[in-house]
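Participant:
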Amino acid sequence: MLYLLYNLTISYIITQRPGEGIVNTALIAVGLMLHFVIININSIERFGELYDKYIRWIASSGLLLGWVMGIALSIPKIVEVSLFSFIGGIITYVALKNELAHTENRAPYYFLAGAAIYSIIILAIPYFGRSGLIHH
């Protein structure tokens with residue numbers, strides 16, 4: 063159920079960003095795609111067949127439901143900003159908890175490289191959103 067709420071919130075927040083431009087939207091999509099791939103891999107390892115049969119579909123329905131809610135509903139800006147901050151915190155927590163190596167032979171350089179690339183993508187989002195580049 064938490065996966066459903068998590069994905070619902072992410073999808074809702076993304077639909078509330080109209081007119082941000084194609085480059086901005088693509089950067090958001092790439093950043094979240096990387097995050098969802100890691101969550102998917104970790105969930106398969108943790109839950110196995112249960113994830114494949116049920117959890118994956120529940121989580122995916124959250125994305126669709128959030129998109130519909132984002133089109134149909136409007137929430138106060140303070141709630142939207144709070145949700146955005148909350149999701150950012152969860153993404154950071156998941157990255158630190160699940161994406162670091164769990165073995166004795168840790169490879170911090172891979173994590174640091176991934177964190178740097180992800181940070182560049184996230185930091186570039188506001189630039190492309192305001193720059194007027196390639197708006198659709």
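First residue of the sequence shown: 63, per this note's numbering; consecutive thereafter.
Built from N, CA and C at the ideal position, the CB exists for glycine as well.
#1: Pick out whichever of S73, L185 and Y68 has its Cα sitting closest to the Cα of G128.
#2: Give the C-beta separation of Y155 and I117 to the nearest angstrom, bearing in mind that I take them to be a contact with Cβ-Cβ under 8 angstroms.
#3: So, with DSSP's three-state summary, where would you put I137?
#4: Are the CB atoms of L112 and Y180 nearer to each other than 8 angstroms?
#5: Tell me the DSSP secondary structure of G93 in three-state form.
#6: Work out the CA separation of N69 and S144 for me, nearest whole Å.
#7: With distances taken from CA atoms, which of A121, M63 and T87 is nearest L185?
#8: Would DSSP call G176 helix, strand or coil?
#9: Determine the DSSP secondary structure at G128, reduced to helix, strand or coil.
#10: Please report the distance separating the alpha-carbon of Q78 from that of A175.
#11: Is G150 helix, strand or coil by DSSP?
#12: Cutting at 7 angstroms between CB atoms, please list the residues of its own chain near G93, excluding the five before and the five after it.
#13: Mind checking A121: buried by the 16 CB within 10 Å criterion, or exposed?
Facilitator: On the basis of the coordinates in this document:
#1: Taking the first residue of the sequence shown as 1, we reach residue 128 at position 66. The candidate whose alpha carbon is nearest that of G128 is S73.
#2: Along the sequence shown, one-based indexing puts residue 155 at 93. Along the sequence shown, one-based indexing puts residue 117 at 55. Actually they are not in contact, since the Cβ atoms of Y155 and I117 sit about 19 angstroms apart, beyond 8 angstroms.
#3: Taking the first residue of the sequence shown as position 1, residue 137 is located at position 75. In the structure shown, I137 sits in coil (DSSP, three-state: anything other than H, G, I, E or B).
#4: Translated into positions along the sequence shown, residue 112 becomes position 50. Translated into positions along the sequence shown, residue 180 becomes position 118. Contact flag unset, no.
#5: Position 31 of the sequence shown, counted from the first residue, corresponds to residue 93. Assignment of G93 by DSSP, reduced to helix, strand and coil, places it in the helix class.
#6: One-based indexing of the sequence shown puts residue 144 at position 82. One-based indexing of the sequence shown puts residue 69 at position 7. Distance between the alpha carbons of S144 and N69: 16 angstroms.
#7: For the purposes of this step, residue 185 is identified with residue 123 of the sequence shown, where counting begins at 1. Among A121, M63 and T87, the Cα nearest to that of L185 belongs to T87.
#8: Position 114 of the sequence shown, counted from the first residue, corresponds to residue 176. Secondary structure at G176: helix, using DSSP grouped into helix, strand and coil.
#9: Residue 128 sits at position 66 when you count from the first residue of the sequence shown. Here G128 carries a helix assignment [DSSP, helix/strand/coil].
#10: Here residue 78 refers to the residue found at position 16 when the sequence shown is read from its first residue. Here residue 175 refers to the residue found at position 113 when the sequence shown is read from its first residue. Between Q78 and A175, the C-alpha separation is close to 30 angstroms.
#11: Indexing the sequence shown from 1 puts residue 150 at position 88. Helix at G150.
#12: For the purposes of this step, residue 93 is taken as the residue at position 31 of the sequence shown. Correct list, in chain order: Y180, I183 and I184.
#13: Your numbering for residue 121 matches position 59 in the sequence shown. That one is buried.
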